[in-house]
Amino acid sequence: MSTPTAALIRSAPWTLPSLATRRARYGVFFATYLYQGLIAGFSLTALANHLAARGVSAAEAGFHFALAGLPWTLQPILWGPLIDRAGDFRMGRRRPFAVVAILCAHAALALLLLARPDQVGLLGLIFLAHSLFASLLDTACDRMIMDHVPALELGRVSACTRAGFVAGTSLSAAFFSWMLAAEGLVASAHWLLAVAVLASLPMLLIREAPGDAFAAPGRRGPPPRRLPFRRFLRRLGVALRRPRALRLLALCFGLDGALGLFELPFSVDLLQRQGWDPAALSRLQAGLALASGTAGALAIGLWADRAGAVRPLRALLVASAAAFALAAALIGAGLVGPAGPVILALTDMLPGLLIVALMPALLQASRGRAGAATQFEVYMAAMNLGSVAGTALAGWLVPVLSLSVVAALVAGVFLAAARMVSRGDLLSPRG
C-alpha cells in the first residue's frame, strides 16, 4: 500500500478514537461504569428486592451479596500486580486486559439463562464469577485513568464515572424490578445481557493511544524486566504501612462499612414489615440515586477540580452525618412507614456523592509510585471490604440493634471521618 494511501486511511473520519482526546476519555469511562452500574442495579437492587419479596431473609441475602463482592475485596491481589507488572502490548498497556475481562464477564452473565429465582446459592456463584472479571475490567480502567487523565481533570472524570455507574444502576433497578416481577428471571437475563454488551462497546472499540493497534496479539518491543513478585509486594507493603496510607484505608473501610450496616436492613424492613412493593422501592432508590449521581456528581467533580478534594469531602461528610442523625430520630419516633421516602432520600443521596470527592485524592495518593494500580485498588478494596463486611454483619445485628441505633452509629462514623479529613495532609496530592 502506498504511503499517501496509508496516510489517508489513518486520517479518515472513521478512524477509531483514542484516550488522547478528552471527549473519548469521558465517553469511554462513562460507558464502562455504566456497564458496571447495569449489573449492580440488577443484582444488588432489583434482584435483591425481588428475593426479599419472595421471603428470603436479610442474613441469606447478605451472604449472597458478600459472595458476589468477594472478588472486589481481593481485587488488589488478583489483578493489581498483574497490570502493574505487565509490559507494553500492541493493543496498548491496559486495554488488552479490559477486552479479555469484558468478554469473560459476558460469558458469566450468560449463565443466568440457566438459573431459577429460588436458586439463591447458584445466583451468588454466577455473580461471583462475573465479579471476578468485572474487577479485572475495573482495575484496567482505573489504570487507564491514571495514565491518560491530567491531574486537573480527575474531579470531572470521577464525576463522569460516578454518573455512569449511577445512571446504569438507576435505569437497571427501575427496569428490571418491573421485568423480574412481570416476566421472570430468564427473560430479564436476556435483556441484561443485551444492554451489557451495548454498554461495553466503547471500551472494546477505543484505542488506548493513537498509535495502538485495534486488535493485534503480541507485545510491542522486548519483554519487560519484571520486578520479582515478592519484592513488588514488599514495596507495596512499605507504602501501605505509612501512617497516611493507613488512615486512608481506615477511612475507606469505615465509610462503606457504616453504610452497609444500614442499607440492607432498612430495605428489608420496608419490604417485609412496612409492606412496600419491591418494584416501587427499586424505582424510588433508582430515582434518588440518579438525581444525586448525575447533576450532583458533576457539581462535586467541578468543585473538587477547583478547590481540591478536602473541602467538598468534608462538607459531604458533615451533611451525611446530619442526614443519618435525622433519619435515626424519625425511625426512633416510629415514623418508618410514612417517612420512608424521606429517610431513603436522606440516607441515599448525600453518601452516594462521597466517592466523587474521594476518588481524585486516592488517585493522586497512588500516582507516580511503583505499583500505582495495586495501591489504588487496595484503597478501593478497603471500601468494598467495608461494604461486604457491613452488609454481612447487618443481617446478624438486626435482632440485636434497632434501626434507629444503627442510623445513629452511622452518623457518628461520618462525623469521625469529617474530623479525620480536616486534619493534616491526609488528602494532599502526595505523601
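Take full-length UniProt numbering: the final residue in the sequence shown is number 431, and no numbers are missing along the way. Think of the CB as a built atom: it goes at the ideal place given N, C-alpha and C, for glycine as much as any other residue. As the structure is a computational prediction, the values presented were derived from the model and not from experiment.
- Residue pairing by DSSP puts G92 in a beta bridge opposite F89.
- Beta-bridge pairing by DSSP links S18 to R207.
- A direct Cα-Cα distance of roughly 13 angstroms separates D277 from G55.
- Comparing alpha carbon positions, the residue from G69, A187, A31 and L44 closest to R116 is A187.
- Apart from the 5 residues on each side of it in sequence, A258 sits with its Cβ closer than 6 angstroms to the Cβ of V410 and V413 in its chain, given in chain order.
- Closest by C-alpha distance to A333, out of G275, S402 and G296, is S402.
- In the structure shown, P117 adopts coil according to DSSP, grouped into three states.
- When DSSP states are grouped into helix, strand and coil, W79 belongs to the coil group.
- Just so you know, the alpha carbons of M144 and D84 end up roughly 11 angstroms apart.
- Scanning its chain for C-beta atoms nearer than 7 angstroms, with the 5 sequence neighbours on each side dropped, one finds around S404 the residues A328, I331 and G332, in chain order.
- From the listed residues L358, L317, M383 and A68, the smallest Cα separation to D305 is found for L358.
- Secondary structure at Q36: helix, using DSSP grouped into helix, strand and coil.
- In the same chain as S18, and ignoring 5 residues on each side of it, the C-beta atoms closer than 8 angstroms to its own belong to A24, I206, R207, E208, A209, P210 and D212, in chain order.
- Ranked by Cα distance from P399, the options L248, V268 and A31 are led by V268.
- Residue state for G337 is assigned as coil, using DSSP reduced to three classes.
- By the C-beta density criterion, Q285 is buried, having at least 16 other C-beta atoms within 10 angstroms.
- Below 8 angstroms, enough C-beta pairs join the stretch 90-110 and the stretch 134-149 to call them touching: three or more.
- Cα atoms of H50 and L180: separation of roughly 7 angstroms, rounded to the nearest angstrom.
- Burial is judged here by how many other beta carbons sit within 10 angstroms of a residue's own beta carbon; E377 has at least 16 and is buried.
- Taking the Cα positions, Q375 is about 43 angstroms away from Q274.
- When the five nearest sequence neighbours on each side are left out, the beta carbons in the same chain lying within less than 8 angstroms of the beta carbon of N384 are those of G69, W72, T73, Q75 and D256, in order along the chain.
- Looking only at A297, S320 and A339, the smallest Cα-Cα distance to F266 is reached by A339.
- Selection C252, A182 and L290 evaluated against A345 yields L290 as nearest (Cα-Cα).
- For the pair G395 and L270, the Cα-to-Cα distance works out to about 15 angstroms.
- Per the coordinates, the alpha-carbon of A40 lies some 6 angstroms from the alpha-carbon of T169.
- Two segments are said to touch when three or more pairs of C-beta atoms, one from each, lie closer than 8 angstroms; by this definition the stretch 102-111 touches the stretch 126-133.
- Rounded to the nearest whole angstrom, the C-alpha separation of A325 and A408 is 5 angstroms.
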